[in-house]
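Heads up, the thing below is written out as structure tokens.
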Amino acid sequence: MDNELRFAILIDADNISDRYVKIILDEAANSGVATYKRIYGDWTSSRLSSWKNVLLENSIIPMQQYSYTFGKNATDSSIIIDAMDILYSGNVDGFCLVSSDSDFTRLASRLRESGMQVIGMGEQKTPKPFISACNQFKFLDLIYSNQQKEEKEEEEPEAAETPKPKSGQQSAKPKENSSKKKSASAKEKELKQVRKTINSIIEKFSDEDGWLFSGKLGDQLSKRMPEFDVRNYGFTKFTPFIMSLGNYETDKRPASGGSKQIYFRIKGR
7 MDNELRFAIL
17 IDADNISDRY
27 VKIILDEAAN
37 SGVATYKRIY
47 GDWTSSRLSS
57 WKNVLLENSI
67 IPMQQYSYTF
77 GKNATDSSII
87 IDAMDILYSG
97 NVDGFCLVSS
107 DSDFTRLASR
117 LRESGMQVIG
127 MGEQKTPKPF
137 ISACNQFKFL
147 DLIYSNQQKE
157 EKEEEEPEAA
167 ETPKPKSGQQ
177 SAKPKENSSK
187 KKSASAKEKE
197 LKQVRKTINS
207 IIEKFSDEDG
217 WLFSGKLGDQ
227 LSKRMPEFDV
237 RNYGFTKFTP
247 FIMSLGNYET
257 DKRPASGGSK
267 QIYFRIKGR
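Just so we're on the same page, our numbering is the position in the sequence shown counted from 1, plus 6.
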């Protein structure tokens with residue numbers, strides 16, 4: 007469509023896996039149309055051989071960048087220079103910066119200063135400054151993990167019931183994985199911050215009765231927390247995620263065309 011935003015997708019092959027290629031392109035397509043699709047790295051290196059297999063079929067242009075000096079990231083510099091050239095060409099409305107490297111923090115800020123929409127994509131290890139510098143940030147490893155889980159559930163039949171142990175045998179108790187325990191603790195901390203942010207948004211923008219339109223809530227939440235994505239928490243839609251938090255009342259109101267608009271209010275307010 008003519009009103010779609012035009013994006014330049016710039017991928018740092020040095021720290022992004024080729025298994026994310028479809029997710030990268032799909033996420034960009036959700037926001038607009040890709041005018042540029044470029045990936046940067048030293049293509050003489052065998053380390054990037056897995057990327058070579060997916061570039062042609064996805065029409066991604068490889069940009070050769072030799073590492074002239076040990077310890078210096080020439081790829082980062084090349085992406086930054088190209089991004090500024092594309093910015094001044096006036097051919098795009100935004101950028102998808104695909105990297106987990108904090109070196110792109112200043113670039114993201116500079117592009118936003120010029121009125122560009124900046125979508126960052128990387129893994130959860132991405133430093134917070136880079137995440138905050140983007141309008142939105144997508145965690146590729148979380149999206150990938152959720153997709154793999156969904157595909158596995160669709161393909162595999164329901165697991166058979168675990169057989170009861172024979173007499174004299176003790177059922178094997180799986181040891182609690184400390185990394186999973188730590189991950190659950192981190193997730194709860196994230197959810198606490200999400201709730202706190204949602205509450206502040208509702209308090210600021212709600213009507214006299216405390217109700218706020220879900221579209222407004224989602225828009226403000228993404229602005230304040232660029233890394234927020236309901237898929238990070240196992241959901242595909244915004245409304246079910248908010249309802250799962252248990253802190254909010256919902257109200258469905260008639261809209262044009264017979265549709266319904268969802269409103270939220272903090273419980274007990």
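The C-beta atom is built at its ideal place from N, Cα and C for all residues, glycine as well. This structure is a prediction, so every number in the text was calculated from the model and none was measured.
With distance defined between alpha-carbon atoms, name the residue in the options nearest to residue i.
| i | options | result |
| --- | --- | --- |
| residue 60 | 242, 268, 31 and 191 | 31 |
| residue 254 | 62, 207, 57 and 22 | 207 |
| residue 146 | 222, 101, 127 and 231 | 127 |
| residue 212 | 270, 84 and 191 | 270 |
| residue 204 | 194, 55, 228 and 89 | 228 |
| residue 129 | 148, 120, 122 and 139 | 148 |
| residue 273 | 99, 151 and 217 | 217 |
State buried or exposed for residue i, treating a residue as buried only when at least 16 other CB atoms are found within 10 Å of its CB.
| i | result |
| --- | --- |
| residue 34 | buried |
| residue 251 | exposed |
| residue 316 | For residue 316 there is no data in the structure shown, the boundaries of the chain being 7 and 275. |
| residue 65 | exposed |
| residue 114 | buried |
| residue 15 | buried |
| residue 144 | buried |
| residue 40 | buried |
| residue 67 | exposed |
Opposite residue i in the DSSP bridges: which residues?
| i | result |
| --- | --- |
| residue 123 | 100 |
| residue 218 | 270 |
| residue 142 | 125 |
| residue 13 | 40 and 100 |
| residue 18 | 46 |
Since residue i and residue j are thought to touch, with beta carbons under 8 Å apart, how far apart are those beta carbons, to the nearest angstrom?
| i | j | result |
| --- | --- | --- |
| residue 26 | residue 48 | Not a contact, Cβ separation roughly 19 Å. |
| residue 46 | residue 85 | 5 Å |
| residue 17 | residue 44 | 7 Å |
| residue 141 | residue 118 | 7 Å |
| residue 242 | residue 249 | At roughly 13 Å, the Cβ-Cβ gap does not stay under 8 Å, so residue 242 and residue 249 are not in contact. |
Legend entry - Three-pair Cβ contact test at 8 Å for the region 93-113 versus the region 193-207: No: fewer than three Cβ pairs fall under 8 Å.
Inset, instruction - Determine, using beta-carbon pairs with one atom in the region 255-269 and one in the region 209-224, whether at least three such pairs fall under 8 Å. - result: Of all C-beta pairs linking the region 255-269 to the region 209-224, three or more are shorter than 8 Å, placing the two stretches in contact.
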